[in-house]
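Residue numbers (numbering that gives the first Met the number 0), protein chains in the order written: chain A, 0 to 342; chain B, 0 to 342; chain C, 0 to 342; chain D, 0 to 342.
Protein chains: 4
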Amino acid sequence: MFFASDNTSAAAPSVMSAVLAANEGYARGYGADPIMARVTAELRAMFEAPDAVVHLVATGTAANALALATFIQPWQAVFCHRHAHIAEDECGAPEFFTNGAKLALVDGAHGKMTPEALTQALGSTGESGVHGVQRGILSLTNVTEAGTVYTPAEIAALTALAKERGLPCHLDGARFANALVATGATPAQMTWQAGIDAVSFGGTKNGCLGVEAVVIFDPAKDWELQLRRKRGGHLFSKNRFLAAQMEGYLQDGAWLHLAEHANAMATRLATGLAAIPDATQRHPVQANMMFPEWPEGTHERLEAAGAVYYRFPAPAGREGARLVTSWSTTEADVDAFLAAFAT
Amino acid sequence: MFFASDNTSAAAPSVMSAVLAANEGYARGYGADPIMARVTAELRAMFEAPDAVVHLVATGTAANALALATFIQPWQAVFCHRHAHIAEDECGAPEFFTNGAKLALVDGAHGKMTPEALTQALGSTGESGVHGVQRGILSLTNVTEAGTVYTPAEIAALTALAKERGLPCHLDGARFANALVATGATPAQMTWQAGIDAVSFGGTKNGCLGVEAVVIFDPAKDWELQLRRKRGGHLFSKNRFLAAQMEGYLQDGAWLHLAEHANAMATRLATGLAAIPDATQRHPVQANMMFPEWPEGTHERLEAAGAVYYRFPAPAGREGARLVTSWSTTEADVDAFLAAFAT
Amino acid sequence: MFFASDNTSAAAPSVMSAVLAANEGYARGYGADPIMARVTAELRAMFEAPDAVVHLVATGTAANALALATFIQPWQAVFCHRHAHIAEDECGAPEFFTNGAKLALVDGAHGKMTPEALTQALGSTGESGVHGVQRGILSLTNVTEAGTVYTPAEIAALTALAKERGLPCHLDGARFANALVATGATPAQMTWQAGIDAVSFGGTKNGCLGVEAVVIFDPAKDWELQLRRKRGGHLFSKNRFLAAQMEGYLQDGAWLHLAEHANAMATRLATGLAAIPDATQRHPVQANMMFPEWPEGTHERLEAAGAVYYRFPAPAGREGARLVTSWSTTEADVDAFLAAFAT
Amino acid sequence: MFFASDNTSAAAPSVMSAVLAANEGYARGYGADPIMARVTAELRAMFEAPDAVVHLVATGTAANALALATFIQPWQAVFCHRHAHIAEDECGAPEFFTNGAKLALVDGAHGKMTPEALTQALGSTGESGVHGVQRGILSLTNVTEAGTVYTPAEIAALTALAKERGLPCHLDGARFANALVATGATPAQMTWQAGIDAVSFGGTKNGCLGVEAVVIFDPAKDWELQLRRKRGGHLFSKNRFLAAQMEGYLQDGAWLHLAEHANAMATRLATGLAAIPDATQRHPVQANMMFPEWPEGTHERLEAAGAVYYRFPAPAGREGARLVTSWSTTEADVDAFLAAFAT
C-alpha cells in the first residue's frame with residue numbers, strides 16, 4: 000500500500016532487462032554508444048519528428064532546467080503554473096541553470112493555468128522596457144501537479160497565447176505517458192502539433208531507474224543543449240545505461256502499458272473512495288494521482304493498516320492526502336487501502 | 000582491445016547484482032532508502048570518519064563541482080593542476096556550480112603539481128586586496144590525468160601549503176581505488192589524514208554504471224551540499240539505484256580488487272611496451288593509465304588489429320596514445336595489443 | 000511641470016558644491032580618500048551605529064542587489080512586496096547578484112505588505128526540505144512604490160515575523176529621506192531599532208547626481224560586501240566623487256530639508272487635486288509620490304499645458320497618472336499643473 | 000608627486016564644466032536625455048561608425064564585463080593576456096557577468112600577447128568537443144598593463160587569428176586616448192579597421208569623474224547590452240551626468256590633449272630616469288605608465304621627498320615601482336621626483 004509517489008516504485012521488467020543486456024562488453028562513452036543511436040531514432044519516430052534533438056539525463060529536474068535554459072536568457076521570465084514542479088519542487092534549479100531567470104507564476108484551478116490567467120501574466124511582464132524582466136518561455140506540466148490532465152486542445156490554446164508573443168513553449172512531461180493514456184493523444188499531438196517546442200519526456204516515475212529524455216524539436220538547439228548538459232554534470236560517461244533504460248521503456252509500447260495500469264489503478268482507487276462516506280476529491284482524478292480529503296482521525300487508521308502516502312493540510316475537521324499509483328500498484332493494494340477505511 | 004577509457008567498460012558483477020537485488024518493492028525516494036543508510040555507514044567506516052557527510056551523484060563532474068562549490072565563494076580561486084579534469088574536461092562545470100570562481104592553474108611534470116609551483120600560485124593570487132580574486136581551495140587529483148599517483152605524503156605536503164593559507168582541500172578521486180592500490184594507502188591516509196577535506200570518491204570508471212560519492216569530513220557542510228545537489232538536478236528520486244551500485248562496489252572489497260586487476264593489466268601492458276623498439280612512455284606508469292609514444296605509422300597497424308584508444312599529438316615522426324586498462328581488461332587483450340606491434 | 004520622477008531633477012546646490020570642492024588635487028582611489036572617511040563617520044553617527052559597514056555605489060539597483068546578495072544564498076528566497084522595485088524595476092538584478100535567488104511576492108494594499116500576507120508567504124516557503132527554495136531575507140521599501148509610508152512600528156511588526164524565522168531584513172530606502180520626513184522617525188528608529196539589518200540609503204532621487212550608500216549594521220559583512228561591489232563593477236576608482244555627493248547631501252541636514260520640500264509640494268498638489276471634480280487618489284498620499292485618476296481626456300489637456308508624467312491604465316472612462324515631486328519642484332509648478340485642469 | 004595612478008587625478012576642466020552646465024532643469028532619465036543623444040552622435044562620428052551601439056557606464060570594470068558578456072556564452076573562453084586587467088584586477092567581474100566563462104591566459108613579454116602565444120592558446124582550447132570550454136572572444140588591452148602600446152597593425156595581426164576561428168574581438172581601452180596619442184592612429188584605425196568589435200572607451204583615468212563608453216560596432220547587440228547594463232545595476236537614472244562628462248571630455252579634442260600631456264610627462268620622466276645611475280625600465284615606456292627599477296633603499300628617499308606610487312617586487316638588491324602620469328601631472332612634479340634621487 001505504497002501511494003507516496005510513483006518514484007517509490009522499482010524499475011519495470013523490460014527496463015531492467017534492457018539494463019542487464021546492455022552490460023556486455025565495451026561501449027563508447029558520452030552518448031556515442033549504439034543503444035543511444037537506436038533510442039534517438041525511436042524517439043524521433045515516436046514523436047514524428049525526424050530532426051528532433053534527443054538527449055538523456057537521469058533526473059526530471061535536470062531535464063526541465065536544461066530545456067528551459069537552452070531557450071531563454073537570464074533576464075527573461077518562465078511563465079508557469081503557481082504550483083508547477085519547477086516552481087515548488089526543484090530548489091531553484093531553473094534559476095540556477097538559466098543564470099537567474101524569473102518564474103512568473105500563473106494561476107488556475109486544479110493545477111491548470113487558464114488562458115485568461117496566462118494572458119494576464121503575459122501582459123504584465125516585459126512591458127516596462129529595459130527596467131523589467133522580459134518574457135521568455137511558457138512551461139506547462141502534463142500530468143499537472145494536481146493530477147489533472149491538459150488535452151492537446153487545451154495545450155494548444157495556451158501555447159497560442161505564448162506564440163503571439165513570440166515565445167517558445169516547454170512541456171514538463173514527468174508523467175507524459177499517464178497524460179497520453181488519459182487523453183488518447185499521440186506524442187506528436189500532445190507536443191509539437193500543439194505548439195510545444197521542448198519536452199521533458201519522463202521515464203523515472205513510470206518504471207525506469209532514472210532516465211528522462213530532453214526532446215527539442217528545433218535541431219539548431221542541439222549543440223547548446225549538449226554543452227549545457229555537460230557543464231551541468233549531466234552527461235553520463237556510461238550513457239549506455241541511460242539509453243538501455245529508455246530502450247526497455249519504449250520496447251513494445253511498455254511505457255504506455257505501464258501508464259495504462261497506473262491510471263487504471265487510480266480509477267479503481269477513486270471509484271472506491273467515491274463510496275467512502277465523507278471522502279471527497281480536491282481535484283478531478285484524471286491520471287494516476289489524486290488528492291482526497293476525509294474526516295480527521297482517518298490518517299491514523301490508514302497508516303496503521305500499512306498505507307504510506309503524503310499528508311496535506313485540509314480545512315478544520317478534515318485531513319488531506321496525496322495518493323499516487325504506479326505501474327506496480329496492484330488491485331490488492333488498492334482494495335486493501337479502501338478496506339482500511341472500514342477498520 | 001578497448002583501451003579508450005575505463006568508462007567504456009561495463010559494470011562489474013557485484014555492482015550489477017546489487018542493482019538487481021535493489022529492484023524489489025517500494026523504497027522511499029531522495030536518499031531515504033535503507034540501502035543508502037547502509038552505504039553511508041560503510042563509507043564512514045571505510046574512511047574512519049564517523050561524522051563524514053556522504054551523498055551520491057551519478058557523474059564525476061557533478062561530484063567535483065558540487066564539492067568545490069560547497070567550500071568556496073564565487074570570487075575565490077580553485078588551485079588545480081593545469082591539466083586537471085576540472086580544468087580541461089568538465090566544460091566549465093566548476094565555474095558554473097561555483098557561480099563564477101576562477102581556476103588558478105598550477106604547473107608540474109607528469110600531472111602532479113609541485114610544492115614550489117603551488118607556493119608560487121598561492122603567492123600570486125589574492126594579494127591585491129579587493130581587486131583580485133581571493134584564494135579559495137586546493138583541488139588535487141589522484142590518480143592524476145597523466146596516470147601518475149600522489150603518495151599520501153606528497154598530498155600532505157601540498158595540503159600543508161594550502162592550510163597555511165587557511166584553505167580547504169579537495170581530492171578528485173575518480174580513480175581513487177587505483178591510487179590506493181598503487182600506494183597501499185588506506186582511504187583515511189589518502190584523505191583526511193593527509194589534509195583532504197572533501198573527496199569525490201569515484202565508482203563509475205572502476206565498475207559501476209554511474210555513481211560517485213561526495214564525502215566531506217566536516218559535518219557542517221551537509222545541508223548546503225544537499226541543497227546544491229538538488230538545485231543542480233543531481234538528487235535522484237530513486238536513489239536506491241545509486242546506493243545499490245555503491246553497495247555492490249564496496250562489497251567484500253570488490254572496489255579494491257577491481258582496481259588491483261586494472262592496475263595489474265596496466266603493468267603488464269607497460270612491461271610489454273618496454274620491450275617494443277622505439278616505444279617510450281611520456282609519464283611514469285603508476286596506476287591504470289599510460290601515455291606511450293611510438294614511431295609514425297604505428298596507429299594504423301594497431302587499429303587495424305582492433306585496438307581502440309585515443310591518439311595524442313607527438314613530436315615529429317612520433318605518435319602518442321592514451322591507453323587505459325580497467326577491471327574488465329583481460330590478459331588476452333593486453334597480449335593481443337602487444338602482438339599487434341609485430342604485425 | 001516635470002512630475003515624471005524625482006530622478007529627472009538636477010543635483011541640489013550643496014551636493015554640486017561638494018563635488019566641485021572635491022575636484023582638487025590628488026586623492027587615493029577606491030574609497031581610500033579622506034572624504035569617504037568623513038562620510039563613513041557621519042553616516043555611522045547619523046544611524047547611531049558606530050560599527051556600521053558603509054560603502055557607496057552609484058545606483059539604487061546596485062545598492063539593493065549588493066545588499067541582498069551579501070545576506071543570502073542562491074537557493075534562498077527574498078520576501079518582498081509584489082510591486083517592489085526589486086521585483087518589477089530592476090530587470091532581475093537581485094537574481095543576477097544573488098546567483099539565482101527567488102523573489103517570493105507578498106501581497107498588500109497600497110504597496111505595503113501586511114503581517115498576514117507575510118506570515119502566509121513565510122509559511123509556504125521552505126517547508127518541503129531540500130526540494131524547495133529556502134527562506135532567505137525580508138526586503139521592505141520605504142517610501143513604497145505606491146507612495147505610501149511604513150511607520151517604524153509597522154516595519155518592526157514585519158521584521159519581527161522574519162526574525163522569528165531567523166531571517167535578516169533589508170530596507171530599500173531609495174526615498175528614505177521622504178519616509179523619515181513623513182513619519183518624523185530618526186534613521187535609527189526606521190532601521191536597526193525596527194529590526195532592519197541593511198539599508199539602501201538613497202541619495203540620487205533626492206538631489207544627488209548618482210550615489211546611494213549601502214549601510215549594514217553587522218560589521219562582519221564588510222569584506223564580502225566590498226568584494227561583491229568590486230566584482231559587480233561598482234567600486235569607483237575616483238570614489239571621492241561619490242563621497243563628495245554624499246557629504247554635500249548630508250551637510251547641515253540638507254537631505255532632510257530637500258525631502259521636506261518634496262513632501263510639502265506633494266501635499267500641495269494632493270490638496271489641489273482633492274478640489275478637482277472627479278479626480279481621485281488610488282493610494283493615500285504620504286510622501287512625494289501619488290497616483291491620481293481622472294476622467295478620460297484629461298491627459299491631453301495637462302500635457303498640452305506642459306505637464307510631464309507617467310500614465311497608468313485605469314478602469315473604463317478613467318485615466319491614471321503617477322506624479323512625483325522633488326526637491327526642485329516649485330509651488331508655481333504645482334499651481335500651474337492644477338490650473339491646467341480648468342483649461 | 001602623485002604617480003600612483005591616473006585615477007588619483009581630479010576631473011579635467013572641460014569635464015567638470017560640462018557637468019555643471021548639465022545641472023540645470025529637468026531631464027528624462029535612463030539615457031533619454033539630450034546630452035546623451037549628442038554624445039552618441041559624436042562617438043559614432045569619431046569612430047566613423049554611424050551604426051555603433053553606444054552606452055555609458057561609470058567604471059572600466061563594468062564596461063569590460065558588460066562588453067564581454069554581450070558577446071559570449073558561459074561555456075566559452077576569453078583569450079586575454081596573463082596580466083590583463085580583466086584577469087588580475089577585476090575580482091572576477093568577467094566571470095560574474097558572463098555567468099562563469101573562463102579566462103584563457105595568453106603569454107607575451109611587456110604585457111603584449113604575441114601571435115605565436117595566441118595561436119597556441121587558440122589551438123589548445125575548444126578541441127575536445129563537449130568536454131572542454133569553447134573558444135569565445137579575444138580581449139586585448141591598449142595601453143597594456145605594462146604601459147606598452149599595440150599599433151593598429153599589431154592589433155590586426157592578433158584579431159586576424161581570432162577571426163580565423165570565428166571569434167569576435169574586444170579592446171579594453173581604459174587608456175585608449177594614450178594609445179592613440181602614442182601611435183597617431185585614429186579611433187577607427189585602432190578598432191574596427193583592425194578587427195575590433197567592441198571597445199571599452201575609457202574616460203575616468205584621463206580626466207573624467209567616472210565614465211566609460213561601451214562602443215559596439217554591431218547594432219544587433221544593442222538591446223542585449225542595455226538589458227545587461229540595467230540588470231548589472233549600471234544604468235544611471237540621471238544619465239545626463241555621465242553624458243555630460245563624456246561631452247566635456249570629447250569637446251574640442253580635450254581627451255586627446257589630456258592624453259598628449261600625460262604621455263609627454265611620462266616621456267620627460269623616463270628621459271630623466273634614463274640619466275639616473277642604475278635606474279632601469281622593466282618595459283619600454285610608450286604611453287603614460289612605466290615600471291622602473293632601482294637599487295634598494297631608493298624608495299625611502301623618494302617617499303620622504305613626497306612621492307606617492309606603487310611598489311613592485313624586484314630581484315635581489317633592487318626595488319621596482321609603477322609610475323603613472325596623468326593630464327594633471329606637472330613638469331614640476333616630474334622634475335621634483337627626479338631631483339629626489341639626488342637627495
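In this text, a Cβ means the ideal position worked out from N, Cα and C, and glycines have one as well.
query: Is there a Cβ from chain A that is less than 7 angstroms from the Cβ of E87(C)?
result: yes
Supposed close pair T190(A), V198(A) - CB separation, criterion 8 angstroms: 5 angstroms
- prompt: Can the beta-carbon of S325(A) be found less than 7 angstroms from the beta-carbon of S8(A)?
  reply: yes
message: List, from N- to C-terminal side, the alpha helix (DSSP H) runs of 4 residues or more that fit wholly inside the stretch 88-148 of chain C.
response: 92-96, 114-122
- prompt: Buried or exposed: which applies to E163(B), given that a residue is buried once 16 or more other Cβ atoms fall within 10 Å of its Cβ?
  reply: exposed
query: Short check: CB of G271(C) to CB of E292(C), under 7 angstroms?
result: no
task: Taking only beta-carbon positions, decide if K237(C) is within less than 7 angstroms of chain A.
output: no
- prompt: Is it right to say T158(A) is buried, meaning 16 or more other beta carbons lie within 10 angstroms of its own, or is it exposed?
  reply: buried
field: Amino acids of chain B, ordered along the chain, whose beta-carbon sits closer than 8 angstroms to that of P167(C)
entry: The premise fails here: P167(C) is roughly 18 angstroms from chain B at the closest Cβ pair, so nothing lies under 8 angstroms.
- request: Taking only beta-carbon positions, decide if C90(C) is within less than 7 angstroms of chain D.
  value: yes
query: How about C90(D) and W222(B): do their beta carbons lie closer than 7 angstroms?
result: no
- prompt: Under 7 angstroms Cβ-Cβ, which residues of chain A neighbour R230(D)?
  reply: W74
task: Taking H130(A) as the query, report the chain C residues whose CB atoms sit under 8 angstroms from its CB, ordered along the chain.
output: E87, D88, E89, C90
- request: Would you please state the rounded distance, in angstroms, between the beta carbons of G201(D) and G59(D)? I believe it to be under 8 angstroms.
  value: 6 angstroms
query: Is the Cβ-Cβ distance between N262(B) and V180(B) less than 7 angstroms?
result: yes
message: With a threshold of 7 angstroms between beta carbons, is Y308(C) in contact with chain D?
response: no
- request: Within the stretch 299-338 of chain A, note down every full beta strand (DSSP E) run reaching 3 residues or more, in order along the chain.
  value: 309-311, 317-323
message: In this structure, how does DSSP classify E347(D) when only helix, strand and coil are distinguished?
response: The question about residue 347(D) has no answer here: the residues shown for chain D are numbered 0 through 342.
query: How about G252(C): is its C-beta nearer than 7 angstroms to some C-beta of chain D?
result: no
query: What's the C-alpha gap between M288(B) and D332(B)?
result: 15 angstroms
- prompt: Three or more beta-carbon pairs under 8 angstroms between the stretch 49-63 of chain D and the stretch 218-234 of chain C, yes or no?
  reply: yes
- request: Identify, in the order they occur along the chain, each residue of the same chain with its Cβ nearer than 8 angstroms to the Cβ of R317(B), setting aside the five sequence neighbours on each side.
  value: E292, W293, P294, E295
message: Please list, in chain order, the chain D residues whose beta carbon lies closer than 9 angstroms to that of T329(C).
response: Going along chain D, no residue has its Cβ under 9 angstroms from T329(C), so there is no contact; the nearest lies around 12 angstroms.
- prompt: Would you say N141(C) reaches chain B, if we count a Cβ-Cβ gap shorter than 7 angstroms as a contact?
  reply: no
task: Verify the CB distance criterion: does L102(C) have a CB-CB separation below 7 angstroms to chain B?
output: no
- prompt: From A354(A) to H256(B), what does the alpha carbon distance come to, in whole angstroms?
  reply: Residue 354(A) lies beyond the range of chain A shown here (0 to 342); nothing can be said about it.
field: Within 7 angstroms, strictly: CB atoms of R227(C) and A26(C)
entry: no
- prompt: Going straight from the alpha carbon of V307(B) to that of F78(B), what length do you get?
  reply: 34 angstroms
query: Are N22(B) and K204(B) closer than 7 angstroms when you measure CB to CB?
result: no
task: Return yes when the Cβ of D171(B) is within less than 7 angstroms of the Cβ of H130(D), no when it is not.
output: no
query: What distance in whole Å lies between the Cβ atoms of G206(C) and V18(C), which are believed to be in contact at a cut-off of 8 angstroms?
result: At roughly 12 angstroms, the Cβ-Cβ gap does not stay under 8 angstroms, so V18(C) and G206(C) are not in contact.
M288(D) in three-state terms, based on DSSP: strand
field: Any C-beta of chain D under 7 angstroms from that of Q285(A)
entry: no
- request: Below 8 angstroms between beta carbons is the criterion; list the residues of the stretch 256-280 of chain C that meet it against any residue of chain B, in chain order.
  value: none
field: For A197(C), the first and last residue of its enclosing alpha helix (DSSP H)
entry: Note, A197(C): premise wrong, no alpha helix (DSSP H); beta strand (DSSP E) at 197-201.
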